[in-house]
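Residue numbers (this note's numbering), protein chains in the order written: chain A, 897 to 1377; chain B, 111 to 514. Glycine residues also receive a C-beta, built at the ideal position from the N, C-alpha and C atoms. Being a predicted model, the structure only gives us computed values, none of them experimental.
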Amino acid sequence: MRPVDLAIVGAGPAGMAAALTAVAHGLRVVVIDEQQQAGGQILRQPPAAIRVRNWLRDRVYRRQQQLLQRAQQDSRIEWCWQTTVLGFLDRDPHDPASQRLWLHGPGGTSELAARSVLVAAGCHDLAVPFPGWNLPGVMAAGGLQAMVKSQQLVPGERFVFAGSHPLQLIVADQIRRGGGEVAAVLFAQPLGAMLGVRKRPLLMLRHLGKLLHIGGVMWRLWRAGIPVRFGSTVVAAEGERQLAAVRVARLRDGVFEPEQTREDIACDHLGVCYSFLVASELPRQAGAAVSWSAERGGWIVDVDGWQRSSVAGLYAAGETTGVAGADVAREEGELAALAVLQDQGVLDAAQAEKLAAPVRRRLSSLGEFAAVLAQISLPPWGVFEQLLTDSTTLCKCQGISVGEFGGLLQEHSTIATANSAKLRSRTGMGLCQGRYCGYFVTRLLARHNEISAAEVGPFSARSPVKPVPIADILARERELG
Amino acid sequence: MHSCDVAIIGGGLIGCAAAFYLTRLGKRVIVLESDALNGGASGRNAGSLHFQLEYRLLEYQEQLQDHIAHLVPFTRRAIEQWRGLETLLGEDLELVMHGGIMVAETADQLQRLQQKYEFETRHGMQLELLSRSELRARAPYLDDRVQGALYCADEGHCNPRYLTLAYARAAQRLGAVFHTGSRVHSVQRLRHEWALATVASVAGDAEHGGRADYRCDTILNAAGAWAADVGRLAGVHLPIFPVGLTMNVTEEAPPLVGHLVQHVGRRLSMKQVREGNLLIGGGWSARLPELTGTGSAAARPLYRSVCGNLATAAEVVPALRKLHLLRTWTGVTGVTADQLPLLGEVPQLPRYFVAAGGSGFTFGPTYAELISQLIAAGETAYPIAPFSPARFSHINMFMREAGH
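Okay, structure coming up:
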């Protein structure tokens, strides 16, 4: 099997930009994605069988849509849809310089050899545990958005949004325009914290488009009579088998106000929107170094100025290296492709540097904005700490509560690392492999032992990173003889 | 400066269990672990309690004939010990001893089972040779290709993620001290005692771990796959080698496999744990890219191992085909030059003991109890001389002064 020059995991903005740059210089590129089409989460497309009028008509998506069109029309890019990368396999002894990816798609499992691999696997919503969060009807705002964006499907009637990230305003507006009723949008942090950005007038001016978009959204929500409140959040989801109401508490100096002042808001869906976690399990499984960032998505992949990870031939771009949004992802994708071209000897250092210069200029301004956004969007740990009551489920896969987990830490004073906690408690051993609970396991452990997240470390990422039918593996085994 | 009677190097099953037995015998114990407790083979093995002779030993049956005879009293002691372990430690360890079968698919394998049965029963093991029809009745989950099996009623499994920590906790209650995140980097023999020094490793317990000095009367090297590295710090060679192994685990499934399943002629071990996951292994290798480094995190599964292991398992238990593979993982185990444990005092070094290798999980509690007796009282309830590191003294002929 001759290796492809570049395998790209993820067909979002970073993956598309990297693919376009790489094929333009003659590389053979395969892009692998779990969806049926390109675009990633930001430009989640309707399924081929469904026509959606006015799909993502907002101006703010225009630049990304141009990228999508260019990528889709470029016949040199090979796409591999509905395919999950299960992990990095051991290298082929006859070709030790190449990486081998383990894939699972509609045709079963297969292997793909690539001289270089770019992981641009994006991010997912941070699922914050709080009492009742596993009731049907409680959803991640990003999950709701995926439905509205791709199919204009509004999966309920009356919605509440709660969290701390401005994205929830956009999703609330999309739900409203899709015909859903939005009862309230709640921000845990005070308005003052959100307005921290006004102290950076130049930065604001450079990103006027995005701010105007948010401003427009706010204006539409206000005109529709939808309350947007700051300094309050949902502290419990209530209902028999389905969400019926959420309990809302105001925060004073970061502390939930007492029980008697709390208020119930009737709703059938709650969109939770605090923050995002990066999908770094593939690079971690490959052995790439990561660093902790509570604001930028948990364990983010360490990269140099060219998006190279610590593993030779493995690159990372976009949210995988720290949540910063689609515009940053696109630039990082291009930079990664330039690094690959340089490392494979297609471009010399001077040529690559010249092509990278404008990308770096755009990145520096975009990165600054993303950093400010990340900072104002995450509430202080105290908010989470109050939500994570003892009876709250910490790990959904294994049904382990915050209290049970804390009890184990009390009983076993030697548990300090995420891996030792995983071994004793089963958090991170279920179907999601710790994708959801890992963030809080890390922070709870660091808190309990008064150590840094770096000392706690991530769960070891194991392949397959997502469950795979054994029958498919065996079919492939027979095929290979 | 910390001082104790026994410094145990290695916070795996043997180290933590020895800490428990030694404190019970009145010794002041400090356990020095470079990473986290139970982070190596002790916490990553599949938790089989295999009391029949294993596949890996059968392969070398002729060379090991004499030594294997010594394993039988060991095995009897181990069975007795396992039966009382949950009571002793006061914890649920997900311990089941519902019986285990070693299956055969071919006439040749059946013949080997027959020989094995005769050999082991001659040495006093209680085993039952099951015909095909008897096997059908007891283990309906097996494929028709399975022709017969050797049944051992005491076999089963225990949760390796719990056992070591349960020992550590019980030892802690008796006064044993655990320093995790503490890598031993120097071992010096002084006039009448040992001096050890540790450095902090990356992942660790900020409160206790890190750079420190220790003085002790006795050292117990319980560093498992890395016992040779630890031995070299004191100037001796211990012939134990790290071997990377791959394990597979399925999603949770309804009760299907009630026994510990092993194979007499193929690399397979399988069991279903309480939550319903099936653990599948049996000695399929993993890649160890950095053999020189310590710590087992670097082992990577081999694709051929994953596929080969699953194919073998699905041929024996066809219902596996309907399940999802949830995860593969790797661990590093220590295999000695002759496969038997290193258990005893190192002749070249006064008051320096080793307990590593062998069947580290199944016999771990027994190794730990016996080495503790040897350290505390100078004798053991069962003979362990055949497992003494003295059998490898020839490789230390020119080493004995090196550590001084």
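Cβ shell of residue i (< 7 Å), same chain only, five flanking positions each side left out
i: residue 988 of chain A; result: 994, 996 and 1009
i: residue 407 of chain B; result: In this prediction, residue 407 of chain B scores a pLDDT of 47, lower than 50, which makes its location untrustworthy; the coordinate-derived value is nonetheless stated afterwards. Once the five neighbours on either side are set aside, residue 407 of chain B has no close Cβ partner at all.
i: residue 131 of chain B; result: 478, 479 and 482
i: residue 1103 of chain A; result: 1265
i: residue 317 of chain B; result: In this predicted model, residue 317 of chain B has a pLDDT of only 49, less than 50, meaning its place in the structure is not dependable enough to derive any value.
i: residue 1199 of chain A; result: 1205, 1212 and 1217
Delimiting residues of the beta strand (DSSP E) encompassing residue i
i: residue 959 of chain A; result: Not the beta strand (DSSP E): residue 959 of chain A falls in the alpha helix (DSSP H), residues 958-969.
i: residue 210 of chain B; result: 210-214
i: residue 1299 of chain A; result: No beta strand (DSSP E) holds residue 1299 of chain A; the alpha helix (DSSP H) holding it covers 1298-1307.
i: residue 272 of chain B; result: First-last for residue 272 of chain B: 270-283, but that is the alpha helix (DSSP H), not the beta strand (DSSP E).
i: residue 381 of chain B; result: 379-382
i: residue 376 of chain B; result: Neither: residue 376 of chain B is in no beta strand (DSSP E) and is coded neither H nor E.
i: residue 417 of chain B; result: Element bounds for residue 417 of chain B: not the beta strand (DSSP E) but the alpha helix (DSSP H), 413-426.
i: residue 1368 of chain A; result: No beta strand (DSSP E) contains residue 1368 of chain A, which is instead part of the alpha helix (DSSP H) from 1366-1376.
i: residue 139 of chain B; result: 139-142
i: residue 323 of chain B; result: 322-331
i: residue 1053 of chain A; result: Counting along the chain, residue 1053 of chain A falls outside any beta strand (DSSP E), and DSSP gives it neither H nor E.
i: residue 1289 of chain A; result: 1289-1291
i: residue 930 of chain A; result: Run containing residue 930 of chain A: none; DSSP gives neither H nor E here.
i: residue 149 of chain B; result: Note, residue 149 of chain B: premise wrong, no beta strand (DSSP E); not H, not E.
i: residue 115 of chain B; result: 112-119
Reference residue i, options the options, closest by Cα
i: residue 1239 of chain A; options: A:1216, A:982, A:1014 and A:1174; result: A:1014
i: residue 1189 of chain A; options: A:1338, A:930 and A:1231; result: A:1338
i: residue 291 of chain B; options: B:144, B:261 and B:349; result: B:144
i: residue 121 of chain B; options: B:135, B:396, B:146 and B:156; result: B:146
i: residue 417 of chain B; options: A:926, A:1359 and A:1235; result: A:1359
i: residue 493 of chain B; options: B:157, B:172, B:182 and B:124; result: B:182
i: residue 1300 of chain A; options: A:968, A:1289, A:1011 and A:1030; result: A:1289
i: residue 299 of chain B; options: B:198, B:327 and B:398; result: B:327
i: residue 1140 of chain A; options: A:898, A:1028, A:909 and A:904; result: A:1028
i: residue 453 of chain B; options: B:489, B:507, B:189 and B:194; result: B:489
i: residue 1162 of chain A; options: A:1282, A:1257, A:1135 and A:1090; result: A:1135
i: residue 1109 of chain A; options: A:1308, A:1067 and A:1025; result: A:1067
i: residue 218 of chain B; options: B:374, B:507 and B:496; result: B:374
i: residue 232 of chain B; options: B:220, B:283, B:178 and B:467; result: B:178
i: residue 309 of chain B; options: B:297, B:302, B:262 and B:303; result: B:297
i: residue 1032 of chain A; options: A:1131, A:1164 and A:1005; result: A:1164
Which residues DSSP lists as bridging residue i, in chain order
i: residue 303 of chain B; result: DSSP output for residue 303 of chain B lists no bridge partner at all.
i: residue 1115 of chain A; result: Answer is none; residue 1115 of chain A lacks a bridge partner.
i: residue 1126 of chain A; result: A:1083
i: residue 980 of chain A; result: A:1000
i: residue 1159 of chain A; result: A:1144
i: residue 362 of chain B; result: B:387
i: residue 1134 of chain A; result: A:1141
i: residue 357 of chain B; result: B:439
i: residue 1012 of chain A; result: A:902
i: residue 572 of chain B; result: Any property of residue 572 of chain B remains undetermined from this structure, which presents chain B solely from 111 to 514.
i: residue 267 of chain B; result: B:158 and B:206
Where the alpha helix (DSSP H) through residue i begins and ends
i: residue 1100 of chain A; result: 1097-1102
i: residue 133 of chain B; result: 123-134
i: residue 938 of chain A; result: Note, residue 938 of chain A: premise wrong, no alpha helix (DSSP H); not H, not E.
i: residue 228 of chain B; result: 217-232
i: residue 1265 of chain A; result: 1245-1273
i: residue 1046 of chain A; result: 1037-1047
i: residue 1280 of chain A; result: 1277-1283
i: residue 482 of chain B; result: 474-487
Any non-hydrogen atom of the ligand MN within 8 Å of residue i CB
i: residue 410 of chain B; result: In terms of ligand content, the structure shown is empty, and the ligand MN therefore cannot be addressed.
Same chain, Cβ closer than 8 Å to residue i, five either side skipped, listed in chain order
i: residue 403 of chain B; result: Residue confidence is low: residue 403 of chain B scores 45 on pLDDT, short of 50, so the model does not pin down where it sits. No coordinate-derived value is stated.
i: residue 1074 of chain A; result: 1044, 1048, 1049 and 1050
i: residue 365 of chain B; result: 382 and 386
Neighbourhood of residue i by C-beta distance below 6 Å, restricted to the same chain and skipping five residues each side
i: residue 1276 of chain A; result: 1150
i: residue 188 of chain B; result: 473 and 476
i: residue 457 of chain B; result: 500 and 503
i: residue 1129 of chain A; result: 1058, 1082 and 1084
What ranges does the alpha helix (DSSP H) occupy inside the region 1309-1333 of chain A, keeping only unbroken runs of at least 4 residues that lie completely in it?
Qualifying alpha helix (DSSP H) stretches, in chain order: 1314-1321.
Which complete beta strand (DSSP E) runs does the region 1159-1229 of chain A hold, if anything under 3 residues is left out?
Those beta strand (DSSP E) runs which fall completely within the region 1159-1229 of chain A and span 3+ residues are 1159-1162, 1165-1169, 1172-1174, 1186-1189, 1194-1197 and 1210-1212.
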